[in-house]
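In the numbering used here, the protein residues as written are 15 to 572.
Here a beta-carbon is modelled for each residue, glycine too, at the ideal position from N, C-alpha and C.
All values reported here derive from a predicted model rather than from experimental measurement.
Before any comments, here is the structure.
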Amino acid sequence: MTATKCSYFLFFHSFSIELTLLKHKEYIDMRNGLSKDLIARVLGSAPKYTIEQLEEMFPQRNLPDGAFVTRVAPSPTGFMHLGTLYQMMIAKKLAQQSDGVFMLRIEDTDTKREVQGAVDVILKCADSFGLQPDEGPTYGGEYGSYYQSERKDVYHSVVAELLERGLAYPCFLSAEEMEDIRNKQKAAGWGTGIYGEWARDRDLTEEEIVARLDSGLVPSIRLYSTGNKDNKIFYNDKVRGRLAFPENEEDIVLIKSNDGLPTYHFAHLCDDHFMRTTLVQRGEEWLSSLNLHLQLFRMMGWQNPEYVHVATINKLDEQTGNSRKLSKRTDPEANTMHYLIAGWPVEAVLNYLYNIVASGFEEEKNKKPDTTIWNYPLRIKKIPTSSALFNTDKLEWWAKEFIGSLPVPELVARVVAWANEYGTDANKMQVADVDYLTGVLGIERDNPKRVRKDFITWSQTLENVAFFWDELFVANTEYEFNSDALRAFLATYNPADDKDTWWAKIVAVAESLGIKNGDVAMNLRVALSGRTNTPDLYSIMSVMGGDRVKKRIEGAVK
RNA sequence: GGCCCCAUCGUCUAGCGGUUAGGACAUCAGAUUCUCAUUCUGGCAACACGGGUUCGAUUCCCGUUGGGGCUGCCA
């Protein structure tokens, strides 16, 4: 029954494609494209390449069967969203596990939003999280440039072909005119956009086009859409299965008038074709333009890449109680750099994100601690379709687990590296004496089964143990010390004592004063650390050393 | 408004027609401990709703509701 239905739809699917293609052909016959001379004038210069030349310049990749060529294409806005990191991780993983290629492409087609140094932020994040692309800015590759702003020749060459075939046209609508159209459409309750009757310039004669160019107008290039929204098109998403959309009927902009650069849709067509991308994995916000993208690939007669639309990571809005996008403005956790600056272990962030997209990961890692995101497979079909809520508690748990699993020398190395790059002056002072730091961070880490798990980030780690440094130690002025107990302990204190001897002395002090062992320990604890909760007291004293211990206890005695 | 996507404990999820609906985080008890953190034991907690299909639905179909997205010469 299901099988019958399925094949029916498959049949229907290919049937509707045939229909569309047929329509294009009819239309191409009916409608003449622009002459080569006019195309050169419209674009500002003649296209540099033919499609055939481009196909030769960027040949099919020679990769093993089943290898995915993936890509992430962030815009350089000076801010890298956590969602971009998430996509990078998925794209790299998909390429890695299939012996494919992971590309980073800079989507810098919006000259208005360009920010200095923004590409560095993206590269810095990719590098810090171990998500270096195989191809991309500074990484090289045969399919560049990996900056869209440097690929104008490619876009213009492709659009020239569409202009020639009558599948695109120069449009002279001004911003005001389009605003006007939008308002009218809204008022009438119609869909907004340039389509059908609203596409004023779609059938301009060559003379009319020339006249407008002569008057100094610069056109955008629009798609000459022959779609009909009453027709359905289908696509089999790698995760979501069969998806149905109305055909696109909008004459969307392909090339912008102000800078001659492409819009996202057109760049996606040209770049992912000529970079030979095989799997476009992207946020689910792109789902609703899939019909358009499929249409573009069909127009060019190109095989479209496979698509995977990944659910975004959201956050619970405290105000409304609803789920919403991680906000660049109000949520620090939306910013990838935030994790680096605050000193989150990158592995913890990645583990957290990876468990969302590959849900069996955590359980497997529990069984086999050697499991990493690189040796646990990402099953495309298991990529979640509904958006997850960002959960700081869970991230903290991953961080505690990760830091807890680190051998002391590595823990020290990581803390030192962080402090030197992002730390405060106090932090830098703390890591200056590596031997002392090693002692401090080594406390209660001998037994791998019972490691303390109170370190979350590198910065919080240093803050947590700040009392070990005299410069950062803050004496507790609230606590009511039992000076007799402190004095009594000091009288018998010997830094060379082993733990049993040391404890016996505490018990002796408690007995002589008729108080509990714990009270004596607590007095010492507060005197030494200023806090009422610390790791093992004996270890603290050992690390601090006899002189510092004596000084602190004397300081507490009044 | 139109179109599209989504729906299992508070959160992330397992499940792919028959299960006491499993795990993890969080939370709550208890044990261990010089405090804290660990570690161990246990508890609370979910199939949004309504129709179908079926001997049988959390699972398949339709609808409702709810949430999210798109509706830009931003991506």
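What residue does the beta strand (DSSP E) around residue i start on, and which one ends it?
i    : result
E12  : Beyond the ends of the chain as shown, which are 15 and 572, falls residue 12; an answer cannot be given.
I355 : Note, I355: premise wrong, no beta strand (DSSP E); alpha helix (DSSP H) at T350 to A356.
P184 : A182 to C185
L237 : S234 to L237
Q74  : Element bounds for Q74: n/a, residue is neither H nor E.
T84  : V83 to V86
R296 : L293 to G297
Using only alpha-carbon positions, find the residue among the options that is nearest to residue i.
i    : options                   : result
L137 : T91, P319 and F186        : T91
N250 : L304, C284, E69 and K200  : L304
R179 : D514, R428, N46 and Q444  : N46
G569 : L340, P398, V172 and V540 : V540
N365 : L330, A524, I417 and S337 : I417
K252 : T292, T277, R214 and H282 : T292
A480 : E410, Y450 and S234       : Y450
S239 : A213, K246 and L231       : A213
I520 : A499, E220 and P509       : A499
M289 : R165, I195 and W412       : R165
P462 : L420, A202, S526 and E332 : L420
G97  : H279, K396 and S341       : S341
Name the DSSP beta bridge partners of residue i, please?
i    : result
E149 : M117
Y161 : I120
T330 : A quick correction: the sequence has Leu, not Thr, at residue 330. DSSP lists S337 as partners of L330.
F248 : A258
P276 : I269
E264 : Y209
T91  : In the DSSP output, where bridge partners are listed per residue, T91 has none listed.
L403 : N328
G144 : Note: G144 sits in no beta bridge, so no partner.
G154 : G150
Which whole-angstrom value describes the C-beta separation of residue i and residue j, a residue pair presumed to lie in contact below a C-beta threshold of 8 Å?
i    : j    : result
D113 : P147 : The Cβ separation is near 15 Å, so there is no contact.
E56  : P151 : In the sequence on display, residue 56 carries Val and not Glu. V56 to P151, Cβ: 31 Å. No contact.
L145 : L48  : That pair is no contact at about 44 Å.
M313 : L181 : 5 Å
H282 : H307 : 6 Å
N328 : R343 : At roughly 15 Å, the Cβ-Cβ gap does not stay under 8 Å, so N328 and R343 are not in contact.
P73  : E121 : Not confirmed; about 24 Å, so no contact.
K126 : F116 : No, K126 and F116 are not in contact; Cβ-Cβ is about 29 Å, not under 8 Å.
Buried or exposed for residue i, please, with buried defined as at least 16 other CB atoms from any protein chain shown within 10 angstroms of its CB.
i    : result
G58  : exposed
W358 : buried
M558 : buried
V83  : buried
Q295 : buried
M71  : exposed
T11  : Any question about residue 11 goes unanswered here, given that the chain covers just 15 to 572.
D265 : buried
D286 : buried
A140 : buried
S373 : exposed
W432 : buried
E32  : Interpretation of E32 is limited by its pLDDT of 39, a score under 50 that renders its predicted location unreliable; the figure taken from the coordinates is listed afterwards. Exposed: under 16 other Cβ atoms inside 10 Å.
N349 : buried
N441 : buried
How far does the alpha helix (DSSP H) with residue i in it reach, from first residue to last?
i    : result
N531 : N531 to S543
G418 : T406 to S419
Q444 : D439 to Q444
Q101 : L96 to Q111
W517 : K513 to L527
F375 : F375 to K381
G560 : G560 to A570
W432 : V422 to Y436
M192 : A189 to A202
Y493 : Per DSSP, Y493 belongs to no alpha helix (DSSP H) and is neither H nor E.
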